[in-house]
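*Asks:* I have a structure I would like to understand better, so I am pasting it below and will then ask my questions one at a time.
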């Protein structure tokens with residue numbers, strides 16, 4: 004039981020050392036992720052559409 008308590012104490016001490024991002028940094032990073040996902044989704048949608056039409060032409 005002592006090891007478990009020690010683990011949580013050390014974990015808490017390590018979390019105090021973490022430099023957390025500011026709200027603005029989080030919002031900025033979130034925007035980058037959303038834009039990136041949207042671009043990739045559109046690109047995959049176009050590729051899927053073209054492959055579907057290509058296969059449709061063959062058969």
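Residue numbers (the numbering used here): 4 to 62. For each residue, glycine too, the CB sits at the ideal point set by N, CA and C. Predicted, not measured: the structure shown is a model, and the values here were computed from it.
(1) Taking only three categories from DSSP, how would you classify residue 55?
(2) CA-CA distance, residue 21 and residue 11?
(3) Using three-state DSSP, classify residue 62 as helix, strand or coil.
*Replies:* Short version:
(1) Within the chain shown, residue 55 is the residue found at index 52, counting from 1. Three-state result, residue 55: helix.
(2) Counted from its first residue, the chain shown places residue 21 at position 18. Counted from its first residue, the chain shown places residue 11 at position 8. Roughly 16 angstroms separates the two Cα atoms.
(3) As a first step, residue 62 must be located in the chain shown, where it is residue number 59. Residue 62: coil per DSSP, three-state reduction.
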